[in-house]
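By my numbering, the letter at position 20 of the sequence shown is numbered 49, and the numbering carries on one by one without gaps. For each residue, glycine too, the CB sits at the ideal point set by N, CA and C. Data block below; observations after.
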Amino acid sequence: MDVSFFPVAELKHIEGFSQKRVDWLTQKILDEGVWTKPLALDDEHGLVLDGQHRMEAALALNLKRVPVVRFIYADVPLRSLRPNNHTFTWETVVDRALSGDIYPYKTVKHDFSDPLPQININLEDLRT
Numbered sequence: 030m031d032v033s034f035f036p037v038a039e040l041k042h043i044e045g046f047s048q049k050r051v052d053w054l055t056q057k058i059l060d061e062g063v064w065t066k067p068l069a070l071d072d073e074h075g076l077v078l079d080g081q082h083r084m085e086a087a088l089a090l091n092l093k094r095v096p097v098v099r100f101i102y103a104d105v106p107l108r109s110l111r112p113n114n115h116t117f118t119w120e121t122v123v124d125r126a127l128s129g130d131i132y133p134y135k136t137v138k139h140d141f142s143d144p145l146p147q148i149n150i151n152l153e154d155l156r157t
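Below is the structure:
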């Protein structure tokens, strides 16, 4: 998987997040001084497929860019984490995200063929 960089200001959520988890993750990243996992990104729209909390941590840390792995969304299997067997397609996720009507926290799950790579990028390198 190729890791590249993407401007934080251009990232878009597809679902909500837990502020408590964002606060914990932000502090963890500060304590370690490095970014260790890229966000999974829809290549066409800048939608965060995996990494809603990391996106918010990047905003809280005033980072300019973050490491990402880009995906063609139509090629990524997805499913619902909701118990009511909620169904949707990647197109409905995109439409809702672009209109600002994101799904609730822990709704959309993506089944990537391989895990996202572990990385070690100094935070200072992400501030410029």
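field: Asp-31 to Ser-47 span [Cα, whole Å]
entry: 28 Å
message: Is the separation between the beta-carbon of Val-137 and that of Arg-94 shorter than 8 Å?
response: no
query: Roughly how many whole angstroms lie between the Cα atoms of Phe-35 and His-115?
result: 31 Å
field: Inter-residue spacing [alpha-carbon to alpha-carbon] between Thr-121 and Leu-107
entry: 12 Å
query: CA-CA distance, Thr-157 and Leu-92?
result: 8 Å
Cβ-based neighbour list, Ala-89, same chain, cut-off 6 Å, excluding 5 preceding and 5 following: Thr-55
message: Looking at the strands, I want to know which residues DSSP matches up with Ile-150.
response: Trp-64
field: Helix, strand or coil at Asp-98 [DSSP, three-state]
entry: According to the sequence displayed, residue 98 carries Val and not Asp. Strand.
task: Determine the direct distance from the alpha carbon of Gly-62 to that of Glu-85, and round the result to whole angstroms.
output: 16 Å
- prompt: Exposed or buried, which one is Asp-71 when buried takes at least 16 other CB atoms within 10 Å?
  reply: buried
- request: Consult DSSP for Ser-47 and reduce its assignment to one of helix, strand or coil.
  value: coil
query: Run through DSSP, which three-state label would Ser-33 get?
result: strand
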